[in-house]
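Once you know that position 39 of the sequence shown is 20 in our numbering, the rest is easy, because the numbers rise by one and skip nothing.
By construction, the Cβ of each residue, glycine as well, lies at the ideal position given by its N, Cα and C atoms.
To start, the structure itself, in structure tokens.
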Amino acid sequence: MAGTRRADMFTADGRPSDDDPREHGPRLGDERTTLVEALRRQRLTLEIKCADLDADAMARRAVEPSTMSLLGLVRHLAEVERATFRTMLAGQEVPRLFCSATDPDGDFDGAVPEPEVVAEAWQAWRAEVDFAVRFVAEAPGLDITGDDPLNQHGSGGGAMSLREALLGMIEEYARHMGHADLLRERIDGRLGQ
């Protein structure tokens, strides 16, 4: 569970901590290495932002009428990982995790303060991240494409390369880590670097 990751990103001077797992990845890599490393750091940031929080804190909403919470973000990002790597790029026909046609915002709406719901969200997110990591590592190149006929991933309604999908995932996480900063600060006053 996310609570096991050390929250060393919370430093008094705002400088990176030597213990911050985001600070020691590969440098000066090729394109794939660089994209994978940027996404790895974003994923770690999500875990760090949620570290040491109980179910009540994870499910705490931003402000009315928003349904956004850290738990909702975990569930949402699990959905996005699944839709991007399993469905679009690998072509798997798998159901959505938390959303449906009748509840398109189920990822956020179903983010309730129950330990089982939090555990399920982390389990789903980790399974999707694990799949994505393997898929990217085994892909023959960044030019392989998946079909995005409904333009759900910013392809314009057609083929999308693995390269574009990785950039899109980095953008998705980065956007939501700004939300996570504010949510965490509201919960316990902690600020990220």
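How many Å lie between residue i and residue j at the Cα?
i	j	result
Glu119	Ala140	20 Å
Met150	Val17	10 Å
Leu143	Arg56	23 Å
Thr15	Gln23	13 Å
Glu145	Gly138	13 Å
Val117	Val93	32 Å
Arg165	Lys30	7 Å
Gly159	Val99	21 Å
Asp162	Glu62	21 Å
Val114	Arg21	9 Å
Arg13	Arg42	36 Å
Phe89	Thr48	6 Å
Leu51	Ser136	28 Å
Arg107	Leu25	11 Å
Gly170	Gly122	43 Å
Gly91	Phe112	24 Å
Asp124	Glu45	43 Å
Pro96	Leu147	31 Å
Ala105	Gly87	14 Å
His157	Leu172	15 Å
Ala19	Leu58	16 Å
Need the endpoints of the alpha helix (DSSP H) that residue i sits in, please.
i	result
Gly10	Segment: none, Gly10 is in no alpha helix (DSSP H) and carries neither H nor E.
Met39	Ala36 to Ala40
Asp88	Gly87 to Asp90
Leu54	Leu51 to Glu62
Glu119	Pro96 to Glu119
From which residue to which residue does the beta strand (DSSP E) around residue i run?
i	result
Asp128	Thr126 to Asp129
Where does residue i land, buried or exposed, given buried means 16+ other C-beta within 10 angstroms?
i	result
Ala82	exposed
Ala64	buried
Glu109	buried
Gly53	buried
Arg67	buried
Gly10	exposed
Leu27	buried
Glu153	buried
Met(-10)	Here Met(-10) scores only 47 on pLDDT, less than 50, and its place in the model is too uncertain to base an answer on.
State the beta-bridge partners of residue i as determined by DSSP.
i	result
Ser142	Thr126
### Message
Tell me whether the region 32 to 40 and the region 65 to 83 touch, counting them as touching only if at least three CB pairs, one residue from each stretch, are closer than 8 Å.
### Response
no
#### Entry: At least 3 beta-carbon pairs within less than 8 Å: the region 78 to 97 vs the region 114 to 130
no
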